[in-house]
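In order, the protein sequence lines correspond to chains X and G. Position 47 (the first sequence) corresponds to 47 in full-length UniProt numbering; numbering is contiguous. Position 12 (the second sequence) corresponds to 12 in full-length UniProt numbering; numbering is contiguous. Even for Gly, the Cβ is constructed at its ideal location relative to N, Cα and C. Here the structure is a predicted model, which means the values were calculated and not measured. Everything on this sheet refers to the single structure shown next.
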Amino acid sequence: MMSTKPPAGGENMMEIDITKLNLQQLSQLKQRLEQELQMYQNSLQSLKVAQTRYQNSKESIEKITPDCNGKDILVPLTGSVSFIYLFACIYVPGKIADANSVVIDIGTGYYVQKDLESAKDYMKRRVGFVTEQMEKIQAMGQEKSMIKDAVMEVMERKIQQEIALQKAALARATGSGKT
Amino acid sequence: MAEELQKKLQQEVENFQALQKQYQKTLSVRQQLGGQLFETETVKSELDLVKKDQEVYKLIGPVLIKQDLEEALQNVNKRMDYIKGELKRIDDTITDMEKKQDTQRDLLNKLQQQYQKAQLSAGGKN
């Protein structure tokens, strides 16, 4: 007797019932979600690079031992400090003066001289931090891709409905034409 | 009538697109500032951990200049305040631009409706 009303919007104002959106809105939503997922992928990649770099630095530090003092080394004059691969690097011979301290770039042009132990600590902290960020982004990405799947499912259903409606209309039109 | 409306509509669509472009640009500037603030914050937390016997240097051009820890901290704090100010300023611009975009969108919708109506009535006459 009485048509049942659709349940009023969710308790959360931000919640949107995706089944109530039309196809155009859904495809817009899907596009946005895809963009966001792409962004997460890019961030993950840069974080991965950063992680490897800190890890490499840490391993380099671990190779330095007190008996490196006074050992001969080749100091690169060009390039290699900035991780840019050049065709040729110029090296000059040198000796390690103090194997117990290194200088670390901590960002925005500041460098700190640290002993090996605290340098290793620094690298460990950085790797830990970057890993934490990566985990966060991964979780966020998973959530987004779940939403994307749901949106795509609803879209699929809507498209099927539309096709069925069109078929029915067509059948009706041809059917009425015959009689 | 319909032609005039079409011209106007086109003009407004172009305006809207220009607004959107500007908005995107401002957003990317904001992102950059956010990144800088984050980097500065990390530097500060790292400087906070520096012990008295550890030296602090600042890269100026190709050379490292030895810096007083206190001075370095002060400079970093100053930089952080500056970036925060800039962020606030740009956030205001962003909300302002969002408002502008909304009014432009409303205007576009109105024009579109008018245009459709004009077309309909023109079609009716034929």
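Below-7 Å beta-carbon distance, residue i vs any chain G residue
i, result
"X:Y40", "no"
"X:K114", "yes"
"X:I137", "no"
"X:G109", "yes"
"X:I106", "yes"
Residue i in three-state terms, based on DSSP
i, result
"G:K117", "helix"
"X:G141", "helix"
"X:D105", "strand"
"X:D121", "helix"
"G:I65", "strand"
"X:S82", "No answer about X:S82 holds up, because its pLDDT of 49 lies below 50 and its placement is not dependable."
Cβ of residue i within 7 Å of any chain X Cβ
i, result
"G:L69", "no"
"G:K21", "no"
"G:T42", "yes"
"G:E98", "no"
"residue 142 of chain G", "Summary: the structure shown does not reach residue 142 of chain G, with chain G confined to residues 1 through 126, and so no result is reported for it."
"G:E3", "no"
"G:V50", "yes"
"G:K66", "no"
"G:Q74", "no"
"G:K117", "no"
"G:K58", "yes"
"G:Q114", "no"
"G:Q54", "yes"
"residue 127 of chain G", "Here chain G covers residues 1 to 126 and nothing more, so residue 127 of chain G does not appear."
Residue span of the beta strand (DSSP E) that contains residue i, given as start and end
i, result
"X:I61", "First-last for X:I61: L23 to K63, but that is the alpha helix (DSSP H), not the beta strand (DSSP E)."
"X:K114", "Y110 to D115"
"X:P76", "D72 to P76"
"X:K20", "Neither: X:K20 is in no beta strand (DSSP E) and is coded neither H nor E."
"X:P66", "Here X:P66 belongs to no beta strand (DSSP E), and DSSP marks it neither H nor E."
Rounded Cβ spacing between residue i and residue j (contact assumed at less than 8 Å)
i, j, result
"X:E62", "X:K114", "Not confirmed; about 14 Å, so no contact."
"X:I90", "X:L77", "4 Å"
"X:V130", "G:E46", "Not quite, the Cβ-Cβ distance comes to about 14 Å (not below 8 Å), so this is no contact."
"X:Y122", "G:K58", "With a Cβ gap of about 18 Å, X:Y122 and G:K58 do not count as contacting."
>> Which complete beta strand (DSSP E) runs does the segment 15-63 of chain G hold, if anything under 3 residues is left out?
In response: Those beta strand (DSSP E) runs which fall completely within the segment 15-63 of chain G and span 3+ residues are 56-60.
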